[in-house]
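One structure is given below, encoded as structure tokens.
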Amino acid sequence: MTPAQTVRDAVVTEVDRSGFRAHGLHVLVGDDVAEHRWTPDVREDVHSIAKGVCVLAVGIAVADGVVDVDEPLSTVLPGARFGAGTDAVTVRQLLTMTSGVDLPWSPTSLTDWPDLALEFLGRPSRGRVFQYADASTYTAMRVLATRVGDVGRFVQDRLFTPLGIEDVVWERCPHGYVAAGGGLSLRTAEVARLGRFVRDRGSVDGRQLLAPEWVDAMHSDWGVAGTNPGYERYALAGWDGPGRLWRLHGAYGQLLLLDAAADAVVAITADDHAGADATAASVARVLGELGG
């Protein structure tokens, strides 16, 4: 039995024991792959894993030399009306959730205001402190659109197609911009391809699509995010933990878990918000048994 199969079987056993409502599992250890399905293999919303895709898209634009992530938004979007202190916020701070701008999530956030980005920018900043908001990533993608055009097309051409992921559909706002913080539909194995790409520091088939250091920053430039276990530290879309792992974590149990010591990537799609943290912890325990 390969290491990937060993991990898969252990995770399946734990999921079945706990009752976690998983849909699909994809395990990569080195170059070994093992998969399991609990439900039909269809594309589904991966929620905040989309934030990681947005970070990768910005990294590609940075490599192209068309985006400066440390430029104040006031110089990038001169026509916007900014709240107190928000004019000095940068794209990097939007992606790391350190704008200090509060705009609570709602299921209709894309239509609650005439323009979500302008509503976000018009609110005051509390300084360079962590403030999680889907609108933050959405606003970052609005900035990216000023440099690359349609972000959905840019991501398809420059990221998904090189990864062998075709015809991706992304929810859009009434103005036609990608939802950014969520609304991205992928299969479990497609999430895993993103994980392999991140594990390989932005390289696919010998091509380096963005700077390795940008990918590293997804799980190294940690900022204080809170005190809840597993949510203490956040970087460029990445959460620290559990254990030695780091992860992209979407609502309702969408998990992309990476363990450098085990050279492993575990992708899980699900419909179980409450059970996600315990499932991530169980994966961390299983991977820990591989050594490294």
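For the record, in the sequence shown the residue sitting at position 274 is 810 according to my numbering, with numbers rising by one throughout. Heads up, the beta-carbon is just placed ideally off N, CA and C, and yes, glycines get one too. Quick caveat: nothing in here was measured; it's all calculated off a predicted structure.
- Between the alpha carbons of residue 816 and residue 781 lies a gap of roughly 9 angstroms.
- Residue 731 and residue 792 have their C-alpha atoms roughly 7 angstroms apart.
- Look at residue 583 here: in three-state DSSP terms it is coil, with no helix or strand label.
- For residue 811, there is no enclosing beta strand (DSSP E), as DSSP marks it with neither H nor E.
- Here residue 775 really is in contact with residue 767; their C-beta atoms are around 6 angstroms apart, less than 8 angstroms.
- Contact between the region 805 to 813 and the region 748 to 757 is absent: fewer than 3 CB-CB pairs across the two stretches fall below 8 angstroms.
- Distances from the CA of residue 558 to each of 568, 569 and 582 were compared; the closest alpha carbon is that of 582.
- Boundaries of the alpha helix (DSSP H) harbouring residue 732: 724 to 735, taken from the DSSP string.
- DSSP places residue 770 within a strand segment (E or B) once states are collapsed to three.
- Under the criterion of beta carbons closer than 8 angstroms, residue 605 and residue 598 qualify as touching, at roughly 6 angstroms.
- Judged by DSSP in its simplified three-state form, residue 743 adopts strand.
- Three or more Cβ pairs closer than 8 angstroms define a contact, and the region 662 to 676 meets that threshold against the region 625 to 644.
- Among the bridge pairs identified by DSSP, residue 708 is matched with 714.
- Sorting 805, 773, 613 and 719 by C-alpha distance to the C-alpha of residue 595 places 773 at the top.
- The beta carbons of residue 757 and residue 737 sit no closer together than 8 angstroms.
- Between the C-alpha atoms of residue 735 and residue 796 there is a straight-line separation of about 7 angstroms.
- Under DSSP, residue 790 shares a beta bridge with 786.
- Beyond the five residues adjoining it in sequence on each side, residue 661 comes within less than 8 angstroms, by CB distance, of 619, 620, 621, 622, 624, 625, 635, 636 and 637 in the same chain, given in chain order.
- Less than 8 angstroms divides the Cβ of residue 572 from the Cβ of residue 544.
- A direct Cα-Cα distance of roughly 28 angstroms separates residue 698 from residue 770.
- In the structure shown, residue 626 adopts extended strand secondary structure according to DSSP, grouped into three states.
- The DSSP-derived three-state label of residue 596 is helix.
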